[in-house]
Amino acid sequence: MSGRDYQGYDAVIKSPLPGRDNRLAIVTQDDKLQKLLFVSHSTKLKQAKSSFAKSVVEQLEAYFSESDIKFTLSLGPDGTEYQKRVWNRLRKCPIGKVWTYGELARQIHSAPRAVGNACRRNPIPIVVPCHRVVSANGMGGYAGQTSGMYMSIKQWLLQHESAI
DNA sequence: TTAGGTAGTCTCG
DNA sequence: CGAGACTACCTAA
Numbered sequence: 001m002s003g004r005d006y007q008g009y010d011a012v013i014k015s016p017l018p019g020r021d022n023r024l025a026i027v028t029q030d031d032k033l034q035k036l037l038f039v040s041h042s043t044k045l046k047q048a049k050s051s052f053a054k055s056v057v058e059q060l061e062a063y064f065s066e067s068d069i070k071f072t073l074s075l076g077p078d079g080t081e082y083q084k085r086v087w088n089r090l091r092k093c094p095i096g097k098v099w100t101y102g103e104l105a106r107q108i109h110s111a112p113r114a115v116g117n118a119c120r121r122n123p124i125p126i127v128v129p130c131h132r133v134v135s136a137n138g139m140g141g142y143a144g145q146t147s148g149m150y151m152s153i154k155q156w157l158l159q160h161e162s163a164i
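Sequence positions in the first sequence follow my numbering and run 1 to 164.
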């Protein structure tokens with residue numbers, strides 16, 4: 001078990017996402033959301049440990065039930081300057097809208113491949129909506145994969161948001 | 001369909 | 001550091 005084990009999580013909740021990794025583990029630091037991880041359905045659930053973690057839980061649950069809520073959480077992801085530039089820009093992508101890697105790249109004067117690299121390392125999926133970035137011809141990837149369970153999650157999220 | 005271009009990051013040495 | 005490899009890509013031919 002490398003990195004944090006589940007005891008390091010500030011909360012673990014159930015989600016309606018498809019697949020085995022349908023629980024969400026929340027990691028905060030100094031009242032900022034630092035990571036959101038897809039963890040296995042066998043991971044122990046955990047009550048929010050702080051009032052900030054509780055508001056993360058509430059907003060996620062609202063998102064799953066209504067799909068068009070806007071997250072108002074301060075974020076503190078670890079990453080390079082460039083990665084944070086990509087993630088910050090991505091937060092401006094409205095619900096129900098989809099950008100291509102190329103479109104996002106033009107907005108920040110970069111290149112599509114580099115954008116894909118940064119999205120791949122997004123530590124806060126859903127809240128930083130990397131599922132809204134697709135390729136010009138296909139779906140792109142999600143959570144580092146281009147097929148499999150995480151792509152199903154990406155599709156689920158897009159479908160959820162288009163069904164407003 | 002593929003070749004070549006792109007920007008950022010990672011891995012060796 | 002430096003070269004080379006590796007991407008959740010894109011465009012032109």
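Idealized CB from N, CA, C, for every residue including glycine.
In this chain, the alpha helix (DSSP H) harbouring L104 covers Y101 to Q107. Here A53 has D10, A11, I26 and T28 as same chain residues with Cβ atoms under 8 Å from its own Cβ, once five neighbours each way along the sequence are excluded. Nearest to S42 by C-alpha distance, out of L24, Y63, T80 and A48, is L24. Annotation note: the segment 95 to 159 contains the following uninterrupted alpha helix (DSSP H) runs of length 4 or greater, listed N- to C-terminal: 101 to 107 and 112 to 120.
With contact defined as three or more Cβ pairs closer than 8 Å, the segment 121 to 135 and the segment 93 to 103 are in contact. Fully contained in the segment 37 to 93 is no beta strand (DSSP E) run of length 3 or more.
Under DSSP, L33 takes part in a beta bridge, and its partners are T28 and L75.
Under the Cβ criterion (8 Å, minimum of three pairs), the segment 33 to 52 counts as touching the segment 106 to 124.
Counted as a single uninterrupted DSSP element, the beta strand (DSSP E) harbouring A11 occupies residues A11 to K14. In the same chain as Q155, and ignoring 5 residues on each side of it, no C-beta atom comes closer than 6 Å to its own. Looking at V127, H160 and S65, the one whose alpha-carbon comes closest to that of L75 is V127.
Taking C-beta atoms as the reference points, Q145 and M139 fail to come closer than 8 Å. In summary, A111 is exposed, with fewer than 16 beta-carbon neighbours lying within 10 Å of its beta-carbon over all protein chains present. By alpha-carbon distance to G141, the top candidate from A163, V115, S162 and E161 is V115.
Put simply, the backbone Cα of K49 is about 12 Å away from that of I13. Annotation: Q59 to F71 spans about 7 Å, alpha carbon to alpha carbon.
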